[in-house]
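J.: The structure is given below, and queries will be raised subsequently.
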Amino acid sequence: MTTDSRILRLQQAATHLLRNIIEDQASVGIVRFSTDAFTLSPLTTIDSESTREKLIKLLPSTASGSTNMCKGLNLGLQVLRTDNGVVLGDEIIFLTDGEATDDIGSCSRDAIKTGAIIHTIALGPNAANALRDMATQTGGIYFSPNDQITSNQLMDAFASLTLSNGDYTKDPVQLESVGVKTSDWFNGTVSVDQTVGNKTSFVIIYQQSVPIISIQSPSGSIYNQTEMNPDILLKTLTLNVPGTAEPGDWKYSIQTKTLQALTITVTSHAASADVPPIIVKARMNQQFSDGTKPLIVFAEVSQNYRPVINAEVWATLESQSGSAQELQLLDNGAGADAFQNDGIYSRYFTKLEKGRISLKVRVKNQDGQARISLQKKNGAPYVPGYVVNGVVELNPPKPQVSEEPLEVGSFTRTAIGESFEVAFTGTAPPNFPPNKITDLSADIQEDSVLLSWTAPGEDLDQGKAKSYEIRWSYDLQMLRENFSNGHVVNTAAVSPLEAGSVEQHSFNLSFTIQNGTTLFFAVQSEDEQNAKSETSNIAQVSKILPDPNLHGISNPGLNLTVLVISLCVVIMVICFVVAVITWSVRRRKRLG
Numbered sequence: 001m002t003t004d005s006r007i008l009r010l011q012q013a014a015t016h017l018l019r020n021i022i023e024d025q026a027s028v029g030i031v032r033f034s035t036d037a038f039t040l041s042p043l044t045t046i047d048s049e050s051t052r053e054k055l056i057k058l059l060p061s062t063a064s065g066s067t068n069m070c071k072g073l074n075l076g077l078q079v080l081r082t083d084n085g086v087v088l089g090d091e092i093i094f095l096t097d098g099e100a101t102d103d104i105g106s107c108s109r110d111a112i113k114t115g116a117i118i119h120t121i122a123l124g125p126n127a128a129n130a131l132r133d134m135a136t137q138t139g140g141i142y143f144s145p146n147d148q149i150t151s152n153q154l155m156d157a158f159a160s161l162t163l164s165n166g167d168y169t170k171d172p173v174q175l176e177s178v179g180v181k182t183s184d185w186f187n188g189t190v191s192v193d194q195t196v197g198n199k200t201s202f203v204i205i206y207q208q209s210v211p212i213i214s215i216q217s218p219s220g221s222i223y224n225q226t227e228m229n230p231d232i233l234l235k236t237l238t239l240n241v242p243g244t245a246e247p248g249d250w251k252y253s254i255q256t257k258t259l260q261a262l263t264i265t266v267t268s269h270a271a272s273a274d275v276p277p278i279i280v281k282a283r284m285n286q287q288f289s290d291g292t293k294p295l296i297v298f299a300e301v302s303q304n305y306r307p308v309i310n311a312e313v314w315a316t317l318e319s320q321s322g323s324a325q326e327l328q329l330l331d332n333g334a335g336a337d338a339f340q341n342d343g344i345y346s347r348y349f350t351k352l353e354k355g356r357i358s359l360k361v362r363v364k365n366q367d368g369q370a371r372i373s374l375q376k377k378n379g380a381p382y383v384p385g386y387v388v389n390g391v392v393e394l395n396p397p398k399p400q401v402s403e404e405p406l407e408v409g410s411f412t413r414t415a416i417g418e419s420f421e422v423a424f425t426g427t428a429p430p431n432f433p434p435n436k437i438t439d440l441s442a443d444i445q446e447d448s449v450l451l452s453w454t455a456p457g458e459d460l461d462q463g464k465a466k467s468y469e470i471r472w473s474y475d476l477q478m479l480r481e482n483f484s485n486g487h488v489v490n491t492a493a494v495s496p497l498e499a500g501s502v503e504q505h506s507f508n509l510s511f512t513i514q515n516g517t518t519l520f521f522a523v524q525s526e527d528e529q530n531a532k533s534e535t536s537n538i539a540q541v542s543k544i545l546p547d548p549n550l551h552g553i554s555n556p557g558l559n560l561t562v563l564v565i566s567l568c569v570v571i572m573v574i575c576f577v578v579a580v581i582t583w584s585v586r587r588r589k590r591l592g
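FYI, in the UniProt record's numbering the residues of the sequence shown are 1 to 592.
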C-alpha cells in the first residue's frame, strides 16, 4: 500500500475517532512528526460539533521525511503537560509506520516513567518492538493493522482506544465493522438491541467511486444519500441516526458498479444512562508466542457485569499478509474454555503463522438463543446480620433471584483485541496434542458403564482426534498418577467425533459389577502424529442397590404413635436433666 493510501486511511480513522468516539468535554491535542515534530493543535476541550470539525480539519493529509519517533513522543508529552503540568493518567495515541530512524527504545523508557497511558498503532510490516513494549508497560493497547482495506482494522483500532472508567453507559459501542471487495451489491444486517441506540452512526468508506446506499430501519424508514454526510476527500458517507435508533434489525444495501473495496462501521451508545449496554472484550492469553505454549482466544460478553450466554461468537485472526482464519469461540467448559456459561467464550488458536496477527471478534444473537444470566460472576456474599455492641442486628431477607436468565433480543457487536506476534523456530508450526478432556462423567446402567465427554481435537480443540484410550481402576490415586497401569477398556468401536461434539461410549466390563462397587475411569486421546493428551479428569461411579430386607411403612398410624411416644420420652429426659442440674446448683449453695 502506498504512503498516500495510508495517510487517507489515517484521516478516515482519526476523523471517526474525533467525530463519533471521543466523549464530550475531553481535551484533545494533535502532534505531527516526521524528521521534526510540530503541534497542529494544543489541548482543546471538545464542547461542540464545530470544535470536533475544527480538529478534523487539522489532521495531516500528506507524509514526508523520516520517522523521528522520539521527537513526536516528547512533543506529545509536552502538549499534555500544558493543562496541569503532569501527564499521569493522560492518554496518547501514538501512530507511526513503526520504522524509527532514531532510537525509540531510549526515549520510550523515559516516557514510561511519566505515568501517561500510551496506545501505539504500528502501520507496516517492520514496526519496532519498542512500540509493543511501551503500550504494555504503560497500560495502553498495541495494534498493528495490516494494509487490507476490507479488514477495516485501522478504523477498528481508533474506535477501541478510549479507556473506560467503568461507566459503560458513556462509552461507544461498535455494532458492526465489515468490508468486502465487489463490483455488485454489499448487503448486511445490524441488530440494535434495547441497551443501545443513542448517537448511532453508519460510516461507509469506499475506495474509488461513490456507491449507492440504502439503509432501512426496523419500521421500514429508508435512509439514502440525501440523509447522509458525504466527504469526497475522505471518500466516506456518514449517516447519523437522529435521536435514539429504534431497536431491531437495520438492513443496509450498498451497490457499486466499480470493482472496489467497501467497508461499513456502525457505532452507538447506551440508550439510557441507567442501563449499561452489552459489551464485548477480546484478548489473547499471550501477546508474544514462540510456539511452545498454545495460544487461546478469549471474548467476554457481558451486560452490567453479568454474563451473556448462548451467543454466537466468531473470532477472525488476520496476518500482515491478509490471510485470515476464523474460529467459533465456545462457552461450553471444554477444551480451552474453563467454565461453562460464564460469558467468556474461548478457543485454542493452533494454525500459527509467523509475524504480527490482528484479532477481531463478532458476536450476534440473531437466532434469539442468547440470554443474560442473572447470576453475577463476582459479588459480595449475602450477610444475614451483624453485631453492634453485643446485639445482633438482622439484615433484610436475602432477595430471591430467579434462576431463569433474561432474554436480550437480537444484537450484534464487534470488538478487537491487541495485536500479537508469533515467532517460532523452523518453517513448520509446532504440533500440539489433543486437549485434555475435563468433563468426563460415568454412569452404571445395570451391568454396563456409560461414559460421556466432550470430544477433543487433533490439535488441542481443533479438528478430530485419531483415537481414545480408556482405562479404569478401583484405586483413584493409582489411576491419577499411573494411567498406564489401569485396566484397558476396548475402544475398537469408538471413532472420535469432531472437536466439541458430545461423545458417549457404553460397554460391559469383563466381570459382574457387585453392589457397593466403586470404579474410577480416565481417558487419553491421541492424534495422527501419536501425540497424546494429558489424562482426563477422573470420573467416579458406584453401584448402590437398595437393601431388599428393608420394607416400607405398613402401618402409618402405628408409626405416628411410636414417633409421639419417642418424642415424649425425649422431653422427659430433657426435663430430668434440667431438674438434676437445678438440684445440684441448690445443693452446692446450701453447702456453701
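Virtual Cβ for every residue (Gly too), placed ideally from N, Cα, C.
For Ser177, which residues in the same chain have their Cβ closer than 6 Å to its Cβ, ignoring the five residues on either side in sequence?
T.: Numbered from its first residue, the sequence shown carries residue 177 at position 177. Closer than 6 Å at Cβ, skipping near neighbours: Asn152, Asp156, Thr265, Thr414.
J.: Out of curiosity, what's the CA-to-CA distance linking Ala261 and Pro242?
T.: As a working mapping, residue 261 is identified with position 261 in the sequence shown. As a working mapping, residue 242 is identified with position 242 in the sequence shown. Their Cα atoms are separated by approximately 28 Å.
J.: Arg362: buried (16+ other C-beta within 10 angstroms of its C-beta) or exposed?
T.: By 1-based counting over the sequence shown, the position of residue 362 is 362. Per the 10 Å Cβ criterion, buried.
J.: Along the chain, where does the beta strand (DSSP E) containing Asn508 start, and where does it finish?
T.: Numbered from its first residue, the sequence shown carries residue 508 at position 508. Here the beta strand (DSSP E) through Asn508 covers 502-508.
J.: Can you list, in chain order, the stretches of the beta strand (DSSP E) that have 3 or more residues and sit fully within the stretch 120-183?
T.: DSSP runs (the beta strand (DSSP E)) wholly in the stretch 120-183: 173-182.
J.: Would you call the stretch 266-283 in contact with the stretch 220-229, where contact means no fewer than 3 C-beta pairs closer than 8 Å?
T.: The stretch 266-283, when compared against the stretch 220-229, does not touch it at the 8 Å Cβ threshold.
J.: Put Arg9 into one of helix, strand or coil per three-state DSSP.
T.: The residue given as residue 9 occupies position 9 in the sequence shown. The answer is helix: DSSP assigns Arg9 an H, G or I state.
J.: With contact counted as at least three CB pairs below 8 Å, one residue from each stretch, are the stretch 425-442 and the stretch 339-359 in contact?
T.: The answer is yes - the stretch 339-359 touches the stretch 425-442, with three or more Cβ pairs under 8 Å.
J.: Using only alpha-carbon positions, find the residue among Ser467, Ala245, Gly188, Ser419 that is nearest to Ala135.
T.: As a first step, residue 135 must be located in the sequence shown, where it is residue number 135. Ranking the options by Cα distance to Ala135, first place goes to Ser419.
J.: Look at the Cβ atom of Ile212, then the Cβ atom of Phe202, and state whether they are nearer than 9 Å.
T.: Stepping through the sequence shown from its first residue, residue 212 is reached at position 212. Stepping through the sequence shown from its first residue, residue 202 is reached at position 202. It is not a contact, given that the beta carbons lie outside the stated cut-off.
J.: On the DSSP bridge assignment, give the partners of Pro230 in chain order.
T.: For the purposes of this step, residue 230 is taken as residue 230 along the sequence shown, with counting starting at 1. According to DSSP, Pro230 bridges with Leu237.
J.: Gln369 to Ser302, Cα distance in whole Å?
T.: The sequence position of residue 369 within the sequence shown is 369, counting from 1. The sequence position of residue 302 within the sequence shown is 302, counting from 1. Whole-angstrom Cα-Cα distance: 15 Å.
J.: Determine the extent of the alpha helix (DSSP H) in which Gly105 is found, giving its start and end residues.
T.: Sequence index remark: in the sequence shown, residue 105 carries index 105 (1-based). Segment 104-113, the alpha helix (DSSP H) holding Gly105.
J.: I'd like the list of long-range same chain contacts for Asn431, defined as Cβ closer than 8 Å, with 5 residues on each side in sequence excluded.
T.: The residue labelled residue 431 in the question sits at position 431 within the sequence shown. Once the five neighbours on either side are set aside, the close Cβ partners of Asn431 are Asp459, Asp527, Gln529, Ala531.
J.: Name, in chain order, the residues that DSSP records as bridge partners for Gln260.
T.: Numbered from its first residue, the sequence shown carries residue 260 at position 260. Gln260 pairs with Thr182.
J.: What's the C-alpha gap between Ile565 and Gly516?
T.: Here the question's residue 565 lines up with position 565 in the sequence shown. Here the question's residue 516 lines up with position 516 in the sequence shown. Interpretation of Ile565 is limited by its pLDDT of 43, a score under 50 that renders its predicted location unreliable; the figure taken from the coordinates is listed afterwards. About 36 Å.
J.: Got a sec? Which residues, its chain only, sit under 7 Å from Ser144 by beta carbon, not counting five neighbours each side?
T.: Counted from its first residue, the sequence shown places residue 144 at position 144. Excluding sequence neighbours, Ser144 sits near Ala122, Ala127, Arg356, Ser358, Ser419.
J.: Secondary structure at Ile513, three-state DSSP: helix, strand or coil?
T.: As a working note, residue 513 is residue 513 in the sequence shown. Reduced to three states, the DSSP call for Ile513 is coil.
J.: Using beta carbons (cut-off 9 Å, strictly below), is His487 in contact with chain D?
T.: Protein chains in the displayed structure number just one, and chain D is not present.
J.: Distance check for Ala270 and Asn20, CA to CA, integer angstroms please.
T.: Here residue 20 refers to the residue found at position 20 of the sequence shown. Here residue 270 refers to the residue found at position 270 of the sequence shown. Cα to Cα, the separation comes out at about 13 Å.
J.: Give me the DSSP bridge partner(s) of Asp36.
T.: If you number the sequence shown from 1, residue 36 lands on position 36. Looking at the DSSP assignment, Asp36 forms no beta bridge with any residue, so it has no partner.
J.: Any idea if Gly89 is buried or exposed, counting beta-carbon neighbours within 10 angstroms, 16 or more meaning buried?
T.: Translated into the one-based positions of the sequence shown, residue 89 becomes position 89. Burial call: exposed.
J.: Taking 8 Å as the threshold, find out whether the stretch 61-76 comes into contact with the stretch 32-47 through three or more Cβ pairs.
T.: With a cut-off of 8 Å, the stretch 32-47 and the stretch 61-76 count as touching, because enough Cβ pairs lie within range.
J.: Indicate whether Leu327 and Leu317 have their beta-carbon atoms separated by less than 9 Å.
T.: For the purposes of this step, residue 327 is taken as the residue at position 327 of the sequence shown. For the purposes of this step, residue 317 is taken as the residue at position 317 of the sequence shown. For Leu327 and Leu317, yes; Cβs fall inside 9 Å.
J.: Between Ala26, Phe298, Tyr223, which lies nearest to Asp171 when the distance is taken from Cα to Cα?
T.: As a working note, residue 171 is residue 171 in the sequence shown. Nearest option by C-alpha distance: Ala26.
J.: Taking only the alpha-carbon atoms, compute the straight-line gap between Leu509 and Ser542 and give it to the nearest angstrom.
T.: Counting from 1 along the sequence shown, the entry for residue 509 is found at position 509. Counting from 1 along the sequence shown, the entry for residue 542 is found at position 542. One C-alpha to the other measures close to 14 Å.
J.: Around the Cβ of Ile416, are there at least 16 other Cβ atoms within 10 angstroms (buried) or fewer (exposed)?
T.: Here residue 416 refers to the residue found at position 416 of the sequence shown. The residue is buried, with at least 16 neighbouring Cβ atoms inside 10 Å.
J.: Compute the beta-carbon to beta-carbon distance between Ser473 and Phe507, rounded to the nearest angstrom, for a pair I have assumed lies under 8 Å.
T.: Within the sequence shown, numbered from 1, the residue matching residue 473 stands at position 473. Within the sequence shown, numbered from 1, the residue matching residue 507 stands at position 507. Wrong, their Cβ atoms sit about 15 Å apart, outside the cutoff.
J.: Decide if the stretch 492-506 is in contact with the stretch 532-540; the criterion is three or more beta carbon pairs, one per stretch, under 8 Å apart.
T.: No, because fewer than three Cβ pairs between the stretch 492-506 and the stretch 532-540 fall closer than 8 Å, the two stretches do not touch.
J.: Taking the alpha-carbon positions, what's the Ile92 to Ala315 distance?
T.: Here residue 92 refers to the residue found at position 92 when the sequence shown is read from its first residue. Here residue 315 refers to the residue found at position 315 when the sequence shown is read from its first residue. Going by the C-alpha atoms only, they are around 28 Å apart.
J.: Tell me whether Val301 sits in a helix, a strand or coil according to DSSP, three-state version.
T.: Against the sequence shown, residue 301 aligns to sequence position 301. Of the three classes helix, strand and coil, the one that applies to Val301 here is strand, per DSSP.
J.: I'd like to know whether the C-beta atoms of Asn341 and Pro307 end up nearer to each other than 9 Å.
T.: Taking the sequence shown and counting its residues from 1, the one referred to as residue 341 is at position 341. Taking the sequence shown and counting its residues from 1, the one referred to as residue 307 is at position 307. The answer is yes: Cβ separation under 9 Å.
J.: At the level of alpha carbons, what is the spacing between Leu234 and Ser268?
T.: Taking the sequence shown and counting its residues from 1, the one referred to as residue 234 is at position 234. Taking the sequence shown and counting its residues from 1, the one referred to as residue 268 is at position 268. Going from the Cα of Leu234 to the Cα of Ser268 covers about 22 Å.
J.: May I have the straight-line CA-CA distance separating Leu80 from Lys113, to the nearest angstrom?
T.: Taking the first residue of the sequence shown as 1, we reach residue 80 at position 80. Taking the first residue of the sequence shown as 1, we reach residue 113 at position 113. Looking at the two C-alpha atoms, the distance is approximately 15 Å.
J.: Identify which residue in Lys181, Asp147, Gly248, Pro456 has its Cα closest to the Cα of Ser501.
T.: Within the sequence shown, residue 501 is the residue found at index 501, counting from 1. Measuring from the Cα of Ser501, the nearest candidate turns out to be Pro456.
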